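Right, one structure below, let's go through it.
There are 2 protein chains.
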Amino acid sequence: MNIGEAAAATGVTAKMIRHYEAIGLIHEAGRTGSGYRTYGPKDLATLTFIRRARDLGFSIAQIRDLLALWQDRGRASADVKRIAATHIEELTAKMRQLQEMVMTLQHLSANCQGDDRPDCPILDRLATGDDAGGCH
Amino acid sequence: MNIGEAAAATGVTAKMIRHYEAIGLIHEAGRTGSGYRTYGPKDLATLTFIRRARDLGFSIAQIRDLLALWQDRGRASADVKRIAATHIEELTAKMRQLQEMVMTLQHLSANCQGDDRPDCPILDRLATGDDAGGCH
DNA sequence: GCTTGACCTTGACATCATGGGAAGGTGCAC
DNA sequence: GTGCACCTTCCCATGATGTCAAGGTCAAGC
Chain A
1 MNIGEAAAAT
11 GVTAKMIRHY
21 EAIGLIHEAG
31 RTGSGYRTYG
41 PKDLATLTFI
51 RRARDLGFSI
61 AQIRDLLALW
71 QDRGRASADV
81 KRIAATHIEE
91 LTAKMRQLQE
101 MVMTLQHLSA
111 NCQGDDRPDC
121 PILDRLATGD
131 DAGGCH
Chain B
1 MNIGEAAAAT
11 GVTAKMIRHY
21 EAIGLIHEAG
31 RTGSGYRTYG
41 PKDLATLTFI
51 RRARDLGFSI
61 AQIRDLLALW
71 QDRGRASADV
81 KRIAATHIEE
91 LTAKMRQLQE
101 MVMTLQHLSA
111 NCQGDDRPDC
121 PILDRLATGD
131 DAGGCH
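Which chain is which? The protein sequence lines are A and B, in order.
full-length UniProt numbering puts the first sequence at residues 1 to 136.
full-length UniProt numbering puts the second sequence at residues 1 to 136.
Okay, here's the thing in structure tokens:
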């Protein structure tokens, strides 16, 4: 199986497969006589694992650790759970940040007429830091 | 006022001030005879505006537009509101993504013993796509 | 056997906003 | 006149991914 087929089978682009190999996230693929990379079932499983982890937002560094644990039969599930917990915290922290931005923007937007006139509490807020429709 | 003072006064690093100038987000700063950049009150206001917009998660491209509107006395507040609305949508879309990740991870994590044993639904999910503690 | 088109190879560069550092010039206080 | 803090430009790095270019390879059709 060459890289294009592996990409189609796992949902990881050929480009990223090469990249993951270059940064040492996955082993170097086998090669045909003419230099084409070849992939077996084990490689596909690893790539699929990586894609699922990326879909859950894990960083490459975290995936590196997860892969190591996955391949370690003597692992403790506590180690995996800790990585997940850390990641959940990172995600919720980001969510809170976004939430704050959204709430501020919605508040400002609600006070903006959105008409032909130039007066705009959104710009006022950015320019002065003051909130015309302040509520506390 | 030179770049270091401007940075301290606005909360934008000197590095970023130079960068914003290089990409044309702000006008080229005046220079002293020896080449030091100089900043006046107007420049500080612009930089502060940019920092507040960044704090609200606006992209440089969006800030470019906001700055143009800010400096356009004939603007329609509707234009500003539209940019904000677009941005709110982007932010909420990201939040939804994060939310989904978090929910999945919390679910998997809840089913993980987190002890010395290797069995782990988190790894199982990444490896097989199956959910041991499936609920639907 | 030759052409064609799809695929592979490496490598360089772009994104986005930001940080780090090197090498050298400037300003000011002691 | 020395030292230190600041300034200048320029280059490189991040993280994950995309794009493009120039060239090699494979398989099918003629």
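The beta carbon of each residue, even a glycine, is placed where N, CA and C say it ideally should be.
Because the structure is a prediction, the values reported are computed rather than measured.
What are the partner residues of residue i, as DSSP defines its beta bridges?
i, result
"Thr-38 (chain A)", "A:Gly-30"
Of the choices the options, whose alpha-carbon is the least far from that of residue i?
i, options, result
"Ala-9 (chain A)", "A:Ser-34, A:Arg-18, A:Leu-44", "A:Leu-44"
"Ser-34 (chain B)", "B:Asn-111, B:Asn-2, B:Gln-113", "B:Asn-2"
"Ala-84 (chain B)", "A:Glu-89, A:Ile-23, A:Arg-125, A:Asp-65", "A:Arg-125"
"Ala-61 (chain A)", "A:Cys-112, A:Arg-18, A:Ile-26", "A:Ile-26"
"His-107 (chain B)", "B:Pro-121, B:Asp-115, B:Met-95", "B:Pro-121"
"Glu-100 (chain A)", "B:Gly-57, B:Arg-96, B:Asp-65, B:Leu-66", "B:Gly-57"
"Asp-79 (chain A)", "B:Arg-51, B:Ala-68, B:Gly-114, B:Arg-73", "B:Gly-114"
"Leu-69 (chain A)", "B:Gly-4, B:Ala-76, B:Asp-116, B:Asp-130", "B:Asp-116"
"Arg-75 (chain B)", "A:Ala-14, A:Thr-48, A:Leu-123, A:Tyr-36", "A:Leu-123"
"Gly-37 (chain B)", "B:Ser-109, B:Glu-21, B:Glu-89, B:Gly-11", "Correcting the residue identity first, residue 37 (chain B) is Arg in this sequence and not Gly. For Arg-37 (chain B), the nearest C-alpha among the options comes from B:Glu-21."
"Gln-71 (chain B)", "A:Thr-46, A:Ala-127, A:Lys-81", "A:Ala-127"
"Ile-17 (chain A)", "A:Val-102, A:Arg-51, A:Lys-94", "A:Arg-51"
"Lys-81 (chain A)", "B:Thr-48, B:Ala-110, B:Gly-30", "B:Ala-110"
"Gly-11 (chain B)", "B:Ala-29, B:Ile-23, B:Arg-54, B:Arg-31", "B:Arg-54"
Say whether chain A places a C-beta atom closer than 8 Å to the C-beta of residue i.
i, result
"Lys-42 (chain B)", "no"
"Leu-123 (chain B)", "yes"
"Arg-52 (chain B)", "yes"
"Val-12 (chain B)", "no"
"Ile-88 (chain B)", "yes"
"Asp-131 (chain B)", "no"
"Asp-65 (chain B)", "no"
"Leu-47 (chain B)", "no"
"Ser-59 (chain B)", "no"
"Ala-68 (chain B)", "no"
"Ala-127 (chain B)", "yes"
For a cutoff of 8 Å on Cβ pairs, would you count residue i as touching chain B?
i, result
"Asp-116 (chain A)", "yes"
"Gln-62 (chain A)", "no"
"Met-95 (chain A)", "yes"
"Met-1 (chain A)", "no"
Using a Cβ-Cβ cut-off of less than 8 Å, give me the residues of the region 9 to 38 of chain B that come near chain A, in sequence order.
Result list empty, no residue passes.
What are the start and end residues of each continuous alpha helix (DSSP H) run of 4 or more residues lying completely inside the region 62 to 112 of chain A, in chain order?
77 to 110
Contact list for the region 70 to 85 of chain A against chain B, Cβ threshold 7 Å
Trp-70, Arg-73, Gly-74, Arg-75, Ala-76, Ser-77, Ala-78, Val-80, Lys-81, Ala-84, Ala-85
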